[in-house]
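Trainee:
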Amino acid sequence: SFLPYMHVPCYIHKVHCYIKFILHCKNSLKQAEKFENLITMLFFSYLMLVLIVQVMVQIVLIFKIYYLDELFSKDQTIVDSIRLMLYGLLLYSFS
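Convert by adding 574 to the 1-based position in the sequence shown; the result is the number in this note's numbering.
Below is the structure:
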């Protein structure tokens, strides 16, 4: 389920190379290094944000599956259908 996020690093890398090329042409290598550090930091913070959001979604889904029996203890068919749906979402997000 990381596929929607995978094209963004490519765009970040292209922008990074473009900025580095422009700054290199202007003979300001120190400025290019600052931009390189900034772009690298933004890239890794973006990946960490995606990872944290993904983990939070997994935790919420696991807790929903675990506590469904207490929430819908009257009608077992509702519990089974919702649990199947959440298990499907869980498997889809890990694939």
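Beta carbons are placed, not taken as given, at the ideal position from N, Cα and C, and that holds for glycine.
The structure displayed is predicted, hence computed values, not measured ones.
1. Just the C-alpha distance for V624 and M630, rounded to the nearest angstrom, thanks.
2. Quick test of your reading: K638 and L660, contact by CB under 8 Å. State the CB separation rounded to the nearest angstrom.
3. What separation, rounded to the nearest whole angstrom, lies between the Cα atoms of Y592 and L616?
Mentor: So, to answer that:
1. Here residue 624 is taken as the residue at index 50 of the sequence shown, counted from 1. Here residue 630 is taken as the residue at index 56 of the sequence shown, counted from 1. Answer to the nearest angstrom: the Cα atoms are 10 Å apart.
2. For this step, residue 638 is matched to residue 64 along the sequence shown. For this step, residue 660 is matched to residue 86 along the sequence shown. Contact holds; Cβ gap of about 6 Å.
3. Within the sequence shown, the letter at position 18 stands for residue 592. Within the sequence shown, the letter at position 42 stands for residue 616. Near 16 Å, if we compare the C-alpha coordinates of L616 and Y592.
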